[in-house]
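**Student:**
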Amino acid sequence: VQGLIVAGSAEFKTVLVEAERFDQRLAAKVLMVCDVSYGGENGLNQAIEQSQELLSNVKFIQEKKVIKKYFDEIAQDTGKICFGIDDTMQCLDSGAVDMLMVWENLEHWRLETRNPVTGEEDVLVLSPAQLKDPKHFRDEENQCDKEITDKIELVEWLSTNYTKFGCKLEIVSNKSQEGSQFCKGFGGMGGFLRYKMDFLEVDPFAEMKEDGSPVPSSDSDFDDDLDIDDFM
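Quick note, the sequence shown lines up with residues 948 to 1179 if you use my numbering.
Given below as C-alpha coordinates:
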(Lines of atoms letter the chains of each structure in order from A and count residues from 1; the text may use other names and numbers.)
(Lines give C-alpha, C1' and ligand atoms only; values in the text may rest on other atoms or scores of the structure.)
Protein backbone atom coordinates (compact mmCIF):
# COMPACT_ATOMS: atom_id res chain seq x y z
CA VAL A 1 0.00 0.00 0.00
CA GLN A 2 1.56 3.29 -1.13
CA GLY A 3 -1.01 5.58 0.48
CA LEU A 4 -4.55 5.92 1.78
CA ILE A 5 -7.34 8.37 0.96
CA VAL A 6 -9.93 8.58 3.74
CA ALA A 7 -13.29 9.96 2.62
CA GLY A 8 -16.67 10.38 4.24
CA SER A 9 -19.39 12.76 5.29
CA ALA A 10 -19.68 14.57 8.63
CA GLU A 11 -16.88 14.13 11.19
CA PHE A 12 -16.56 10.37 11.36
CA LYS A 13 -13.63 10.22 8.93
CA THR A 14 -11.62 12.68 11.06
CA VAL A 15 -12.48 10.87 14.28
CA LEU A 16 -11.42 7.58 12.68
CA VAL A 17 -8.02 8.86 11.55
CA GLU A 18 -7.28 10.48 14.92
CA ALA A 19 -8.50 7.55 17.02
CA GLU A 20 -5.95 5.70 19.15
CA ARG A 21 -7.28 2.38 17.88
CA PHE A 22 -6.51 3.35 14.29
CA ASP A 23 -3.42 1.32 13.33
CA GLN A 24 -0.47 3.72 13.29
CA ARG A 25 1.07 1.87 10.35
CA LEU A 26 -1.99 2.86 8.34
CA ALA A 27 -2.12 6.36 9.84
CA ALA A 28 1.36 7.00 8.49
CA LYS A 29 0.11 6.26 4.98
CA VAL A 30 -2.90 8.61 5.03
CA LEU A 31 -2.33 11.07 2.20
CA MET A 32 -5.62 12.93 2.30
CA VAL A 33 -8.89 13.23 4.22
CA CYS A 34 -11.72 14.54 2.07
CA ASP A 35 -15.44 15.33 2.35
CA VAL A 36 -17.94 13.57 0.11
CA SER A 37 -21.65 14.26 -0.26
CA TYR A 38 -22.73 10.73 -1.12
CA GLY A 39 -22.34 7.19 0.09
CA GLY A 40 -21.63 4.02 -1.86
CA GLU A 41 -20.23 4.09 -5.39
CA ASN A 42 -21.12 7.74 -5.95
CA GLY A 43 -19.15 8.73 -2.86
CA LEU A 44 -16.19 6.65 -3.98
CA ASN A 45 -16.19 8.32 -7.40
CA GLN A 46 -16.34 11.73 -5.75
CA ALA A 47 -13.36 10.86 -3.52
CA ILE A 48 -11.36 9.66 -6.53
CA GLU A 49 -12.12 12.88 -8.38
CA GLN A 50 -11.02 15.04 -5.44
CA SER A 51 -7.76 13.15 -4.95
CA GLN A 52 -6.91 12.67 -8.63
CA GLU A 53 -3.98 15.11 -8.68
CA LEU A 54 -2.55 13.72 -5.45
CA LEU A 55 -2.77 10.13 -6.70
CA SER A 56 -1.07 11.14 -9.96
CA ASN A 57 1.85 12.58 -7.99
CA VAL A 58 2.17 9.39 -5.94
CA LYS A 59 2.29 7.29 -9.11
CA PHE A 60 4.81 9.68 -10.65
CA ILE A 61 7.16 9.32 -7.66
CA GLN A 62 6.79 5.52 -7.66
CA GLU A 63 7.48 5.41 -11.39
CA LYS A 64 10.70 7.43 -11.04
CA LYS A 65 11.85 5.17 -8.20
CA VAL A 66 11.33 1.99 -10.24
CA ILE A 67 13.06 3.34 -13.35
CA LYS A 68 16.01 4.61 -11.29
CA LYS A 69 16.40 1.13 -9.81
CA TYR A 70 16.31 -0.27 -13.37
CA PHE A 71 19.13 2.06 -14.44
CA ASP A 72 21.10 1.14 -11.30
CA GLU A 73 20.90 -2.53 -12.32
CA ILE A 74 22.31 -1.57 -15.72
CA ALA A 75 25.15 0.46 -14.19
CA GLN A 76 26.03 -2.42 -11.86
CA ASP A 77 25.93 -4.91 -14.75
CA THR A 78 23.99 -7.48 -12.75
CA GLY A 79 22.68 -9.18 -15.88
CA LYS A 80 19.25 -9.37 -14.27
CA ILE A 81 17.40 -6.94 -16.52
CA CYS A 82 15.94 -7.30 -19.99
CA PHE A 83 15.00 -4.63 -22.50
CA GLY A 84 13.39 -4.37 -25.91
CA ILE A 85 10.16 -6.01 -26.95
CA ASP A 86 11.51 -9.27 -28.39
CA ASP A 87 13.85 -10.16 -25.51
CA THR A 88 11.38 -9.05 -22.85
CA MET A 89 8.58 -11.16 -24.36
CA GLN A 90 10.94 -14.15 -24.47
CA CYS A 91 11.90 -13.65 -20.82
CA LEU A 92 8.22 -13.30 -19.95
CA ASP A 93 7.38 -16.58 -21.69
CA SER A 94 10.22 -18.24 -19.77
CA GLY A 95 8.82 -17.10 -16.42
CA ALA A 96 12.01 -15.18 -15.63
CA VAL A 97 10.45 -11.71 -15.27
CA ASP A 98 9.87 -10.51 -11.72
CA MET A 99 8.62 -7.02 -12.65
CA LEU A 100 7.53 -6.02 -16.13
CA MET A 101 7.84 -2.38 -17.20
CA VAL A 102 5.81 -1.11 -20.15
CA TRP A 103 5.38 2.36 -21.60
CA GLU A 104 1.72 3.37 -21.41
CA ASN A 105 1.73 4.61 -25.04
CA LEU A 106 3.55 1.65 -26.58
CA GLU A 107 2.06 1.29 -30.06
CA HIS A 108 2.83 -2.37 -30.71
CA TRP A 109 0.11 -4.92 -31.33
CA ARG A 110 -0.18 -8.59 -30.43
CA LEU A 111 -1.66 -10.79 -33.13
CA GLU A 112 -2.54 -14.46 -33.30
CA THR A 113 -2.40 -15.94 -36.80
CA ARG A 114 -3.33 -19.24 -38.42
CA ASN A 115 -1.94 -20.76 -41.59
CA PRO A 116 -4.94 -22.02 -43.62
CA VAL A 117 -2.82 -24.66 -45.40
CA THR A 118 -0.77 -26.14 -42.55
CA GLY A 119 -3.05 -25.19 -39.66
CA GLU A 120 -0.02 -23.80 -37.82
CA GLU A 121 -0.80 -21.06 -35.30
CA ASP A 122 1.61 -18.29 -34.37
CA VAL A 123 1.83 -15.18 -32.18
CA LEU A 124 3.28 -11.96 -33.57
CA VAL A 125 4.14 -8.70 -31.84
CA LEU A 126 4.38 -5.96 -34.44
CA SER A 127 4.82 -2.21 -34.64
CA PRO A 128 2.37 -0.09 -36.68
CA ALA A 129 4.92 0.00 -39.53
CA GLN A 130 5.34 -3.79 -39.44
CA LEU A 131 1.57 -4.24 -39.55
CA LYS A 132 1.58 -2.63 -42.98
CA ASP A 133 4.22 -5.04 -44.31
CA PRO A 134 2.49 -8.05 -45.96
CA LYS A 135 5.55 -10.28 -45.52
CA HIS A 136 4.58 -10.88 -41.88
CA PHE A 137 1.32 -12.50 -43.01
CA ARG A 138 2.54 -14.37 -46.08
CA ASP A 139 3.65 -18.01 -46.36
CA GLU A 140 5.63 -18.10 -49.59
CA GLU A 141 6.29 -21.84 -49.39
CA ASN A 142 2.59 -22.67 -49.45
CA GLN A 143 1.59 -19.56 -51.42
CA CYS A 144 -1.05 -18.43 -48.94
CA ASP A 145 -1.86 -15.56 -46.61
CA LYS A 146 -2.13 -16.23 -42.88
CA GLU A 147 -5.44 -15.53 -41.18
CA ILE A 148 -5.50 -13.08 -38.24
CA THR A 149 -7.57 -14.77 -35.54
CA ASP A 150 -6.97 -12.19 -32.80
CA LYS A 151 -5.58 -8.64 -32.66
CA ILE A 152 -5.13 -6.51 -29.54
CA GLU A 153 -2.87 -3.67 -28.38
CA LEU A 154 0.13 -5.16 -26.58
CA VAL A 155 -0.24 -2.87 -23.53
CA GLU A 156 -3.87 -3.93 -23.12
CA TRP A 157 -3.00 -7.62 -23.50
CA LEU A 158 -0.18 -7.39 -20.95
CA SER A 159 -2.39 -5.49 -18.49
CA THR A 160 -4.89 -8.35 -18.64
CA ASN A 161 -2.49 -11.31 -18.72
CA TYR A 162 0.65 -10.37 -16.77
CA THR A 163 -0.41 -12.31 -13.67
CA LYS A 164 -0.32 -15.52 -15.72
CA PHE A 165 3.45 -15.09 -15.92
CA GLY A 166 3.83 -14.64 -12.15
CA CYS A 167 5.17 -11.10 -12.37
CA LYS A 168 4.27 -7.58 -11.28
CA LEU A 169 3.44 -4.87 -13.81
CA GLU A 170 4.56 -1.24 -13.79
CA ILE A 171 3.00 0.98 -16.45
CA VAL A 172 5.32 3.94 -16.99
CA SER A 173 5.04 7.28 -18.77
CA ASN A 174 7.60 9.44 -20.54
CA LYS A 175 6.74 12.51 -18.47
CA SER A 176 9.86 12.34 -16.31
CA GLN A 177 13.45 12.43 -17.54
CA GLU A 178 13.92 8.85 -16.38
CA GLY A 179 10.73 7.72 -18.10
CA SER A 180 11.72 9.43 -21.34
CA GLN A 181 15.11 7.71 -21.28
CA PHE A 182 13.48 4.34 -20.71
CA CYS A 183 10.95 4.80 -23.53
CA LYS A 184 13.44 6.12 -26.07
CA GLY A 185 16.53 4.15 -25.14
CA PHE A 186 15.01 0.77 -24.37
CA GLY A 187 12.04 0.52 -26.69
CA GLY A 188 9.49 1.26 -23.98
CA MET A 189 9.55 -2.27 -22.60
CA GLY A 190 11.82 -4.10 -20.19
CA GLY A 191 11.90 -5.81 -16.85
CA PHE A 192 13.69 -7.02 -13.76
CA LEU A 193 14.64 -10.71 -13.93
CA ARG A 194 14.62 -13.33 -11.20
CA TYR A 195 17.78 -14.84 -12.69
CA LYS A 196 20.09 -14.33 -15.65
CA MET A 197 18.96 -15.57 -19.06
CA ASP A 198 21.63 -17.17 -21.23
CA PHE A 199 20.13 -15.99 -24.51
CA LEU A 200 20.44 -12.32 -23.53
CA GLU A 201 23.79 -11.96 -25.25
CA VAL A 202 23.21 -8.44 -26.57
CA ASP A 203 24.84 -5.83 -24.37
CA PRO A 204 23.36 -2.35 -25.03
CA PHE A 205 26.76 -0.81 -24.31
CA ALA A 206 29.04 -3.46 -25.87
CA GLU A 207 29.44 -1.60 -29.14
CA MET A 208 29.69 1.92 -27.83
CA LYS A 209 31.89 4.36 -29.71
CA GLU A 210 34.73 6.06 -27.83
CA ASP A 211 32.55 9.13 -27.28
CA GLY A 212 29.91 7.01 -25.53
CA SER A 213 27.37 6.99 -28.36
CA PRO A 214 26.07 3.69 -29.76
CA VAL A 215 26.95 2.18 -33.09
CA PRO A 216 23.87 2.62 -35.35
CA SER A 217 21.62 -0.43 -35.24
CA SER A 218 18.87 -1.71 -37.48
CA ASP A 219 16.75 -2.60 -34.44
CA SER A 220 13.86 -0.11 -34.53
CA ASP A 221 13.02 -0.76 -30.85
CA PHE A 222 15.89 1.40 -29.67
CA ASP A 223 16.80 5.06 -29.92
CA ASP A 224 20.12 5.91 -31.56
CA ASP A 225 20.62 8.65 -28.94
CA LEU A 226 21.19 6.09 -26.15
CA ASP A 227 24.23 7.11 -24.09
CA ILE A 228 25.76 5.09 -21.28
CA ASP A 229 26.43 8.29 -19.29
CA ASP A 230 22.66 8.77 -18.93
CA PHE A 231 22.48 5.74 -16.63
CA MET A 232 25.61 6.07 -14.52
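For every residue, glycine included, the Cβ atom is placed at its ideal position computed from N, Cα and C. Quick caveat: nothing in here was measured; it's all calculated off a predicted structure.
For the alpha helix (DSSP H) holding F959, just list the boundary residues, first then last.
**Tutor:** 959-965 is the extent of the alpha helix (DSSP H) around F959.
**Student:** With a 10 Å radius around its C-beta and 16 neighbouring C-beta atoms as the bar for buried, classify Q1128 as buried or exposed.
**Tutor:** buried
**Student:** For R1061 versus I1099, is the C-beta spacing smaller than 7 Å?
**Tutor:** no
**Student:** Does the contact criterion of 3 or more C-beta pairs under 8 Å hold for the segment 1006-1023 versus the segment 1080-1092?
**Tutor:** no
**Student:** When the distance is taken between beta carbons, is L1116 closer than 7 Å to L1047?
**Tutor:** Going by C-beta atoms, L1047 is nearer than 7 Å to L1116.
**Student:** If you draw a straight line from the C-alpha of D1019 to the C-alpha of V1072, how long is it?
**Tutor:** One C-alpha to the other measures close to 28 Å.
**Student:** Please list the terminal residues of the continuous alpha helix (DSSP H) segment that includes A974.
**Tutor:** 971-974
**Student:** If you count every other CB in all the chains shown that lies within 10 Å of the CB of I1032, and 16 or more means buried, which is it?
**Tutor:** buried
**Student:** Any idea what DSSP makes of F1030, helix, strand or coil?
**Tutor:** strand
**Student:** In the structure shown, what three-state DSSP assignment does G990 receive?
**Tutor:** helix
**Student:** Report the three-state DSSP secondary structure of L1116 (helix, strand or coil).
**Tutor:** strand
**Student:** For W1104, which of D1092, I1118, F1139, E988 has the nearest alpha-carbon?
**Tutor:** Cα-wise, what sits closest to W1104 is I1118.
**Student:** Is the beta carbon of V953 sitting closer than 7 Å to the one on V977?
**Tutor:** yes
**Student:** Can you tell me the Cα-Cα spacing of C1130 and I995, whole angstroms?
**Tutor:** Pairing C1130 with I995, the inter-Cα distance amounts to about 28 Å.
**Student:** Where are the alpha helix (DSSP H) runs, 4 residues long or more, that stay fully inside the segment 1049-1108, in chain order?
**Tutor:** 1075-1078, 1101-1108
**Student:** For V1064 versus M1136, is the C-beta spacing smaller than 7 Å?
**Tutor:** no
**Student:** Counting along the chain, where does the alpha helix (DSSP H) carrying G1126 start and finish?
**Tutor:** 1124-1132
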